[in-house]
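Novice:
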Amino acid sequence: MRTIGQANVAIDEAAGIFRVSRNAFVSDQVFEQEQSRIFARCWLYLGHEAELPEAGSFRTRRVAGREIIFNRDMSGKVNAFFDSCPHRGAKVCMEKSGTARQFHCIYHGWNFEADGTLKRQPHHSGYSETFNADGALNLMRLPRLESYRGLWFVNFDKNAISLEDYLGNAREYIDCFVDQNEQVEIIAGAQEYGIAANWKLLCENSVDGYHANNLHATYFDYARNIAPKLPDGPAPARGGLYGVARALDNGHMVGEFSGPWGRPAGKWFPSWGEAAKPEIAARRADLVARVGEEKADRIANLNRNLVIFPNLVLIDGTGMVIRVVQPSAPGFMEVCTWAVADARDSDWLRDIRMQNFLSFLGPGGLATPDDVEALERCQQGYSNRREAGWNDISRGNMEDNDQPLDHEFHIRAYWKHWAECLDRTDMVAEAADKAAA
Ligand code: FES
Ligand SMILES: [Fe+2]
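Residue numbers (this note's numbering): 905 to 1341.
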């Protein structure tokens, strides 16, 4: 019998055919397998160090359905705890962010230090001498917490490979994202919205260079009309994304491309006006000084959409964002997007980024609503899955990586990795789930 991953991906490379089952987007069984074999095993984004500026800073997050406290304790160390009192399980932090020296459980009154240590119980009598000698009644730490270039990730599998190994050659693109800033700032607030579609549809969409000119024609018309003369040459006749799509290690994927817009990292744009030139030129000069001419050209001129398997998206365009896609049911995802900036931005440049965050990337902008509509239509279309059970992802060469942006090799690699994960046999987390059931 075929395993669940194999059953949902049909590959005939000789015939140039790659298909993914529509069942993969609607099945409860697939959803459950994803929870135990992907979300309980892979490195998942938690937050950025800039969100914890001082001792005691905390953020609460829901990652793969688990309530988590992400904080900096009084010694300055970054931690991730399950937000659940070890006594009877109540959440101990109800705010999304703030500063706290201690966390307090309202139920029986236990108090925990910012480093998770159980500090005080109002009714201390009746416990044995060795109570909590092993620390089991401190706030429980997540099994793994590691960071790369200021981005913190968690893993629920204590035996997982290191974060650096997991990110593999995707680190080069994270470096480009980070290196263009003197100091990364996560702008306060976030765009949070739901999409009535399967989570994998948005991961595909985030690096799908095939859809942009068609689905986002309105945006490209707008970009062309406000800036008829591009700094890099004549405006493309239609659309205007040129670049490379690439499959990376461990199911990660990226598109790197030029677009008809400016980049705060060092690509001035006519609609920004002459007055903007000195600041953008200074950015570029600083970038050259820090990373050299060649890399500075790449960082300044090219945009990157990077997906870190399974559900983190870094968009590096006029605006920079960190987007996390959380599955909540087979046919529903929750999206959270933070705008990223450089702490040294002038007011004018910050405004450009925020305009882009709202008008292009946001759920009320000129592009994301198109994507949301398309993904929800896909999900609705899967009502025919018993009669027409497959999506086609066959475009482009089956063997060679580094293809045009609108080919689909990188998306096939994502799906192959997804299927391999579902078919894993070394299921530590799954065995633990079964033991607990
Ligand atoms: S559940 Fe927290 S103190 Fe009892
Ligand atoms: Fe799109």
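We treat Cβ as the ideally placed atom computed from N, Cα and C, and that holds for glycine.
1) Do three or more CB pairs link the segment 909-917 to the segment 1313-1326 at distances below 8 Å?
2) Would you mind stating whether residue 1155 and residue 1213 have Cβ atoms separated by less than 9 Å?
3) Work out the CA separation of residue 987 and residue 1138 for me, nearest whole Å.
4) Is the CB-CB distance between residue 1353 and residue 1110 below 9 Å?
5) State the start and end residues of the unbroken alpha helix (DSSP H) segment that holds residue 1323.
6) Residue 1084 and residue 1187 - do their beta-carbons sit closer together than 9 Å?
7) What residue from 1200, 1158, 1189 and 1127 has the CA that sits closest to residue 1165's CA?
8) For residue 1223, would you say it is in contact with chain D, using Cβ-to-Cβ distances shorter than 9 Å as the test?
9) Say yes only if the C-beta of residue 1112 is nearer than 8 Å to one or more non-hydrogen atoms of ligand 2, and no if none qualify.
10) Based on the DSSP output, what are the partners of residue 1258 in its beta bridges?
11) Residues around ligand 1, please: the ones whose beta-carbon is closer than 5 Å to some heavy atom of it, in chain order.
12) Could you compute how far the alpha carbon of residue 1292 sits from the alpha carbon of residue 926?
13) Please classify residue 1184: is it buried, with 16 or more other beta-carbons within 10 angstroms of its beta-carbon, or exposed?
14) Quick check: the segment 1231-1246 against the segment 1092-1103, are there 3 or more CB pairs under 8 Å?
15) Using a threshold of 9 Å, state whether the C-beta atoms of residue 954 and residue 1089 are closer than that.
16) For the alpha helix (DSSP H) holding residue 1273, just list the boundary residues, first then last.
17) As a quick exercise: from 948, 979 and 957, pick the residue whose alpha carbon is nearest that of residue 967.
18) Checking the sheet assignment: what are the DSSP bridge partners for residue 1095?
19) By the DSSP assignment, the alpha helix (DSSP H) with residue 1025 in it spans what residues?
20) Is residue 1119 near ligand 2, with its Cβ less than 8 Å from a heavy atom?
21) Return yes when the Cβ of residue 1241 is within less than 9 Å of the Cβ of residue 1094, no when it is not.
22) Can you tell me whether DSSP reads residue 979 as helix, strand or coil?
23) Work out the CA separation of residue 934 and residue 1256 for me, nearest whole Å.
24) What are the complete alpha helix (DSSP H) segments, minimum 4 residues, inside the segment 917-943?
25) Tell me which residues share the same chain as residue 1195 and place their Cβ nearer than 8 Å to its Cβ, disregarding the 5 neighbours each side in the sequence.
26) Rounded C-beta distance between residue 1244 and residue 1210? I'm assuming under 8 Å.
27) Nearest CA to the CA of residue 1180: which residue from 951, 995 and 1251?
28) Classify residue 1035 as helix, strand or coil using the three-state DSSP reduction.
29) Do residue 1300 and residue 1264 have their CB atoms nearer than 9 Å?
30) I need the straight-line Cα distance from residue 1001 to residue 978, nearest angstrom please.
31) Which full runs of the beta strand (DSSP E) of 3+ residues lie inside the segment 944-997, going along the chain?
32) Label residue 1104 either buried or exposed according to how many other C-beta atoms from any shown protein chain fall within 10 Å of its C-beta, with 16 as the threshold for buried.
33) Just to confirm, are residue 1011 and residue 1028 a CB contact at a threshold of 9 Å?
Specialist: According to the structure data:
1) Put simply, the segment 909-917 touches the segment 1313-1326. At least three CB pairs are less than 8 Å apart.
2) Residue 1155 is a Cβ neighbour of residue 1213, given a cutoff of 9 Å.
3) The pLDDT assigned to residue 1138 is 43, lower than 50, so where the model puts this residue is not dependable, and the model offers no usable value.
4) Lying before the first or after the last residue shown, residue 1353 is absent from the chain, which here runs from 905 to 1341.
5) Its alpha helix (DSSP H) spans residues 1313-1326.
6) It is a contact, given that the beta carbons lie within the stated cut-off.
7) Answer by Cα proximity: 1127.
8) Chain labels in this structure do not include chain D; a single protein chain is all it has.
9) Between ligand 2 and residue 1112, a heavy atom-to-CB distance of less than 8 Å is present.
10) When DSSP reads this structure, residue 1258 sits in no beta bridge, so it has no partner.
11) This criterion selects 989, 991, 992, 994, 1009, 1011, 1012 and 1014.
12) Answer to the nearest angstrom: the Cα atoms are 8 Å apart.
13) Residue 1184 comes out buried.
14) Contact between the segment 1231-1246 and the segment 1092-1103 is established, with three or more Cβ pairs separated by less than 8 Å.
15) Taking a C-beta distance under 9 Å as the contact criterion, residue 954 and residue 1089 qualify as a contact pair.
16) Here the alpha helix (DSSP H) through residue 1273 covers 1272-1285.
17) Nearest C-alpha to residue 967: 948.
18) In DSSP, residue 1095 forms a bridge with 1241.
19) Element bounds for residue 1025: n/a, residue is neither H nor E.
20) Within the cutoff, so yes.
21) Yes; because the gap between Cβ atoms is below 9 Å, this pair is in contact.
22) Residue state for residue 979 is assigned as coil, using DSSP reduced to three classes.
23) The straight-line gap from Cα to Cα measures roughly 42 Å.
24) You should have 927-930 and 932-938.
25) The answer, listed in chain order, is 1083 and 1203.
26) The beta-carbon distance between residue 1244 and residue 1210, rounded to whole angstroms, is 13 Å. This is too long to meet the 8 Å contact definition.
27) Nearest option by C-alpha distance: 1251.
28) Here residue 1035 sits in coil by DSSP.
29) Taking C-beta atoms as the reference points, residue 1300 and residue 1264 fail to come closer than 9 Å.
30) Distance between residue 1001 and residue 978, taken at the CA atoms: about 16 Å.
31) Here the runs fully enclosed are 948-952, 961-967, 970-976 and 982-986.
32) Residue burial annotation: residue 1104 is buried, with at least 16 other C-beta atoms found within 10 angstroms of its C-beta.
33) Not closer than 9 Å, so no.
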